[in-house]
Amino acid sequence: DRHHFGDVVLEVTCPRSPCMKIEQNNGLPGLLLRVRETGRIGWLYRVIQQGQVSAPCEIGVEPGPYPQWSAARVMDVFTRAKVGQAAAEGRELLACEALVGTWRDVLRETLS
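In this note's numbering, the protein residues as written are 21 to 132.
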């Protein structure tokens with residue numbers, strides 16, 4: 021998806037999963053696993069158009085060319101591919117040109 025904030029246009033490139041520091045910083049053992057299991061992950065952007073953002077501004081979302089690939093689904097496929105599942109979905113995801121190169125490389129290696 022592309023997100024519009026004022027003049028700025030950002031494009032979602034890949035999921036962002038928290039690391040173990042989420043537990044350390046919040047003092048909640050098991051939080052990382054709960055976040056991953058619930059799919060409440062974030063995502064990373066690439067800048068498509070620089071600009072100015074000031075409050076108040078309208079926020080818009082423009083569906084990307086791969087609406088079937090939400091950040092949560094990408095993370096799920098990666099997680100399952102690491103344990104030998106989701107090979108077909110993983111190959112389908114490799115065809116998604118919007119996926120950032122480093123994730124593509126890891127997935128390609130995982131599936132081979």
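No residue lacks a Cβ here, since even glycine has one placed at the ideal position from N, Cα and C.
CA-CA distance, V29 and L64? For this step, residue 29 is matched to residue 9 along the sequence shown. For this step, residue 64 is matched to residue 44 along the sequence shown. Straight-line Cα distance between these residues: approximately 13 Å.
Suppose only complete runs of 4+ residues qualify. What are the alpha helix (DSSP H) ranges in the segment 34-77, listed by chain order? Runs of alpha helix (DSSP H) with 4 or more residues, each lying fully within the segment 34-77, are found at 41-46, 51-58, listed in chain order.
Which residue or residues does DSSP assign as beta-bridge partners of R22? Reading the sequence shown from its first residue, position 2 is the one you call residue 22. Per DSSP, E31, E82.
Compare the C-alpha of K102 against each of E112, V126, Y86 and name the closest. Reading the sequence shown from its first residue, position 82 is the one you call residue 102. Residue V126 is the option with its Cα nearest to K102.
Report yes if the CB atom of D21 is closer than 9 Å to the CB atom of G84, and no otherwise. Along the sequence shown, read from residue 1 onward, the residue named residue 21 stands at position 1. Along the sequence shown, read from residue 1 onward, the residue named residue 84 stands at position 64. Yes.
Taking just the CA atoms, how far does E129 sit from I74? By one-based count along the sequence shown, residue 74 stands at place 54. By one-based count along the sequence shown, residue 129 stands at place 109. Per the sequence presented here, residue 74 reads as Ser, with Ile not at that position. When only Cα atoms are considered, S74 and E129 end up about 42 Å apart.
With 16 as the cutoff for other CB atoms within 10 Å, does A91 come out buried or exposed? Numbered from 1 along the sequence shown, position 71 holds the residue referred to as residue 91. By the 10 Å Cβ count, A91 comes out buried.
With a 10 Å radius around its C-beta and 16 neighbouring C-beta atoms as the bar for buried, classify C39 as buried or exposed. Locating residue 39 in the sequence shown gives position 19, where the first residue counts as 1. By the neighbour-count rule (16 or more Cβ atoms within 10 Å), C39 is not buried but exposed.
Is DSSP giving I112 helix, strand or coil here? Against the sequence shown, residue 112 aligns to sequence position 92. First, the residue type needs correcting, since residue 112 is Glu and not Ile in the sequence shown. It is helical.
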